[in-house]
Amino acid sequence: MNYWVMKSEPSVFGIDDLTKKNKQTEPWDGVRNYQARNFIRNMRCGDYAFFYHSNCKTPGIVGVIKITTDPYPDSAAFNPEHRYFDLKSTHENPRWYRVDVTFKEKFNSVISLEKLKANPLLKNILLIRKGNRLSITPLQKAEWDAIIQMS
DNA sequence: GCCAACGTTGGC
DNA sequence: GCCAACGTTGGC
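Numbering follows this note's numbering, with no gaps: position 57 of the first sequence is 49.
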């Protein structure tokens, strides 16, 4: 079992896009960064992730999602019409991957970036490292637990 | 809107 | 392989 943080701009795709009754599972697609891609390929069905909202009024962790597939090729990369199209990704040799995520929980309030930075138990997490731009980052179990404690 | 930090591209 | 130029991310 692995733990992750998955980051997205809520104006593009936010946790509320997963809280609708008939749409609690969505593919997490569009990851086009190699480091993040490598993390996705290490994900397994049954892993858990925090949903992080970036580039918004109060950036921070807003809830919990579950990884509900193993990684599989991101078909958006195959579609020339799609904004995530990549000529160099082919069916024979896919370059980009995605997983499906399922809504689990939305916190009553955001665990803000500011609070995450202030918690000494989280001082090593990639998410808050200066200059980090990865949309997918791993967490240790102890770090996961520390964040749950804050919620 | 600003700008620092980072990743990618492409000329050489 | 180096590195300048450029595009993007994301906090503030």
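Heads up, the beta-carbon is just placed ideally off N, CA and C, and yes, glycines get one too.
Since the structure is predicted, the reported quantities are computational estimates derived from the model, not experimental observations.
Would you mind stating whether residue i and residue j have Cβ atoms separated by less than 9 angstroms?
i, j, result
"ASP39", "LYS58", "yes"
"SER81", "ARG75", "no"
"ALA68", "VAL(-3)", "no"
"ILE7", "LYS107", "no"
"LEU10", "PHE31", "no"
"PHE95", "GLY123", "no"
Less than 8 angstroms separating the Cβ of residue i from some heavy atom of the ligand NAP?
i, result
"GLU73", "Because no ligand of any kind appears in the structure shown, any question about the ligand NAP cannot be addressed here."
With a CB to CB cut of under 8 angstroms and the five nearest residues on each side skipped, what residues in its chain are close to residue i?
i, result
"GLU1", "HIS45, SER46, ASN47 and CYS48"
"ASP92", "THR17, GLU18, PRO19, TRP20, ILE59, THR60 and THR61"
"HIS83", "PRO65 and PHE70"
"LYS109", "ILE120"
"SER101", "none"
"VAL150", "The structure shown does not extend to residue 150, since the chain spans only -7 to 143, so no value can be given for it."
"SER3", "ASN47 and CYS48"
Between residue i and residue j, which are expected to be in contact by the criterion C-beta below 8 angstroms, what is the C-beta distance as a whole number of angstroms?
i, j, result
"ALA28", "LEU126", "5 angstroms"
"LEU114", "THR129", "With 8 angstroms as the limit, LEU114 and THR129 do not qualify as a contact, their Cβ atoms being about 12 angstroms apart."
"PRO63", "TYR89", "4 angstroms"
According to DSSP, simplified to helix, strand and coil, what is residue i?
i, result
"SER46", "coil"
"LEU149", "The structure shown does not extend to residue 149, since the chain is modelled only from -7 to 143, so the question has no answer here."
"TRP136", "helix"
"ASN14", "coil"
"SER0", "strand"
"SER101", "strand"
"ASP92", "strand"
Identify, in the order they occur along the chain, each residue of the same chain with its Cβ nearer than 7 angstroms to the Cβ of residue i, setting aside the five sequence neighbours on each side.
i, result
"ILE103", "GLY52, ILE53, ILE139, MET142 and SER143"
"LYS133", "TYR(-5)"
"ARG33", "PRO63 and TYR89"
"MET(-7)", "GLY38 and ASP39"
Starting from the C-beta of residue i, find all residues in its chain whose C-beta is less than 6 angstroms away, skip the five residues before and the five after it, and write them out in chain order.
i, result
"LYS136", "The residue you asked about is not Lys; residue 136 is Trp in the sequence shown. Closer than 6 angstroms at the Cβ level, and outside the excluded window around TRP136, lie TYR(-5)."
Residue i lies in the beta strand (DSSP E); which residues open and close that run?
i, result
"ILE128", "128 to 131"
"ILE57", "52 to 59"
Starting from residue i, follow the alpha helix (DSSP H) in both directions and report where the run begins and ends.
i, result
"ILE32", "26 to 33"
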